[in-house]
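Following the working numbering, the numbering of the sequence shown begins with 194 at its first residue and continues without gaps.
Backbone N, C-alpha and C fix where the C-beta goes; we use that ideal spot for every residue, glycine too.
All values reported here derive from a predicted model rather than from experimental measurement.
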Amino acid sequence: MKLNRQHLEQLAAPIALPAYRADTTQQGIAHIGVGGFHRAHEAFYTEALMNQGEALDWSICGVGLRGADRAMRDALAGQDYLYTLVELGDDARNAVQVVGAISGMLLAEDSPQALIDKLADPAIRIVSLTITEGGYCMDDSSGEFLAELPDIQHDLAHPEAPRSVFGFLCTALAKRRAAGTPAFTLMSCDNLPHNGAVTRKALLSFARLADPELAAWIEANVSFPNAMVDRITPMTSDAHRQQLAERHGIEDAWPVVCEPFVQWVLEDKFVNGRPAWEKVGVQFTDDVTPYEEMKIKLLNGSHLALTYLGFLKGYRFAHETMNDPLLRRFVRTFMDLDVTPQLAPVPGIDLDVYKDTLIERFSNQAIADQLERICSDGSSKLPKFIVPTLNRLIADGRPLERVALVIAAWALYLEGVDERGERFNIVDPRADYCQALVAEREQISVKLLGAEAIFGTAIPQSAAFVAAFQRNLDSLRSQGVSATLQTLLG
Ligand code: CS2
């Protein structure tokens, strides 16, 4: 049965349905970047609140800035913006839910003006973002805004028809200011250390170039809460779609599959109201720093530690790497010996239990989380998820061998062929640049580690690290993943 509002009443338990009427809701959030993660996380929490009869004025208007977002808009529009969220864990924890928290979606391509008007609409009080780690136009090494990017230059010249997220936000905020409309909260839900502060820096840098007075107004009126967000959400595959049709009889053009685990720790800095998300499990705090450091260094960092090695070995799913005793031990050792000593105590969290849970979550076979997804955008993820850990290890004079292996695995992965001789594509907006860095074998350590935008300046200067990197790269080439791990783990 095709999913849409008309067919909702034909669905029955155990499938959970929206418990509120669509015509009683109003949009209060605009979300830029409607992918699986947003639909499994912010929209999921908002839906939970709406199901309690609350937050009905916080329905979400999806926004797509890229041509590729049209497919999502069309899929959702074709089913009244409803979608199915399927949580898969061990059998006891499977849940299927139809979500209605998203009530429309605008594409920049269709009408830049309509999107500007929506973002300037007084009813929109929060604009949230999942635009990927690389989407903030920041130089990872200097922490400065990349004003010379073509889209940014375009938007500075054409504020009425922007292309970039910062162009749209500034034009809309200028309109709000001119109309005397209060500002909105700008809330990042991407995995960046200090994601709110980074968003603030990027937006203000852009605004200062565009209009210094507007920049001052934004500084005084917009807030940028930091957040730690967490839920493993694979890319939706045809197998997922088919499973939903077979098991539950729902034909959904773009369902979301995710793990049962979900977490959101958020700073309570909202200038124009917010849903009472604390009633549905969101944790509000004054300082997200220890939570985000724990999550990014342990979860996202370990994902990188397992994904390139696993991919080279020939695995294609996260759970396969956890079924490999050597990789499983390697990842746990990386967490215990390399990351944990760097972490500040995290209020209310026992790190040993947290790490056990991570291994369990990575082992979730039911969601079939793709290594291709985790491998993607390495040039943006490494600087956020691994480089800070490595810099600290260097500064503290600690062993560098394990992190060197992680980065050596990325280097070899960039050559595009696994141990079985199977070729694959590198999914990364900077794939060509990265592949050029590994094109000459004798130059890899100099060129790749010398890429300042990715590795900064301290890493290539550490003779101990460069040597460890070269040793591990040579070993991966000559011995392969398993023998290298065997030697390293002793
Ligand atoms: C993953 C994340 O893309 C990645 O590299 O580590 O998407 C991860 O699944 C989420 O951050 C989990 O919250």
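Item, Value
"Compare the Cα-Cα distances from V391 to each of M331, I587, A537 and report the closest residue.", "M331"
"Give a yes or no on whether the C-beta atoms belonging to A656 and A446 are separated by under 8 Å.", "no"
"For W457, report the span of its beta strand (DSSP E) as first-last.", "456-460"
"Quick one, what's near ligand 1 if you take every residue whose CB is closer than 5 Å to any heavy atom, in chain order?", "N384, D423, I425, N493, H496, I567"
"Throw me the rounded Cβ distance for the D480 and V455 pair, which I believe falls under 8 Å.", "Not really, about 21 Å apart at Cβ, beyond 8 Å."
"When we look at the beta-carbon of L300 and count the other beta-carbons within 10 Å, is it buried (16 or more) or exposed?", "buried"
"With a cut-off of 8 Å, do at least 3 Cβ pairs link the region 399-414 to the region 434-446?", "no"
"In this structure, how does DSSP classify T482 when only helix, strand and coil are distinguished?", "helix"
"With a floor of 3 residues, list each beta strand (DSSP E) that falls wholly inside the region 354-411, ordered by position along the chain.", "378-381"
"Whole angstroms is fine: what's the gap from R613's alpha carbon to M528's?", "28 Å"
"Got a sec? Which residues, its chain only, sit under 8 Å from T325 by beta carbon, not counting five neighbours each side?", "G226, D383, D570, S573"
"What is the DSSP secondary structure of V620, reduced to helix, strand or coil?", "coil"
"Taking only the alpha-carbon atoms, compute the straight-line gap between S416 and L397 and give it to the nearest angstrom.", "12 Å"
"Going along the chain, which residues of its own chain have a beta-carbon closer than 7 Å to the beta-carbon of I637, five neighbours each way excluded?", "A604, V631, L666"
"At what residues does the beta strand (DSSP E) containing M421 begin and finish?", "420-423"
"Suppose only complete runs of 4+ residues qualify. What are the alpha helix (DSSP H) ranges in the region 545-584, listed by chain order?", "564-568, 571-578"
"Quick one: measure Cβ to Cβ for L551 and L492, integer angstroms, because I've assumed they're closer than 8 Å.", "6 Å"
"Cα separation between V289 and L275?", "13 Å"
"Hey, could you find the ends of the beta strand (DSSP E) E280 is sitting in?", "276-280"
"In three-state terms, what does DSSP make of M331?", "strand"
"Roughly how many angstroms lie between the CA atoms of I411 and T680, to the nearest whole one?", "55 Å"
"Starting from the C-beta of F504, find all residues in its chain whose C-beta is less than 7 Å away, skip the five residues before and the five after it, and write them out in chain order.", "L564, C568, Y606, D611"
"Am I right that A294 and I253 are in contact with their C-beta atoms under 8 Å? What's the rounded C-beta distance?", "5 Å"
"Assess, as a yes-or-no matter, whether the region 575-588 is touched by the region 465-473 under the definition of 3 or more beta carbon pairs within less than 8 Å.", "no"
"Determine the closest residue to T378 out of L201, E645, D545, L459, with distance taken between C-alpha atoms.", "L459"
"Determine the direct distance from the alpha carbon of A264 to that of P207, and round the result to whole angstroms.", "29 Å"
"Please classify L530 as buried or exposed, where buried requires at least 16 other C-beta atoms within 10 Å of its C-beta.", "exposed"
"Can you say whether H351 is buried or exposed, counting buried as having 16 or more other CB atoms within 10 angstroms of its CB?", "exposed"
"So within the region 465-525, which uninterrupted alpha helix (DSSP H) runs reach at least 4 residues, ignoring any that extend past its ends?", "482-487, 494-506, 511-515"
"Under the assumption that L278 contacts V256 (Cβ atoms under 8 Å), give the Cβ distance between them as a whole number of angstroms.", "In fact, because the Cβ distance is near 20 Å, the residues do not count as touching under 8 Å."
"Take the Cβ of S357 as the centre, count every other Cβ of all protein chains shown within 10 Å, and call the residue buried at 16 or more, exposed below.", "buried"
"Is the beta carbon of A316 less than 8 Å from the beta carbon of Q220?", "yes"
"What is the residue span of the beta strand (DSSP E) that G221 lies within?", "220-225"
"Excluding the five sequence neighbours on either side, which residues of its own chain have a C-beta within less than 8 Å of the C-beta of L249, listed in chain order?", "Y213, T217, T218, Q219, M243"
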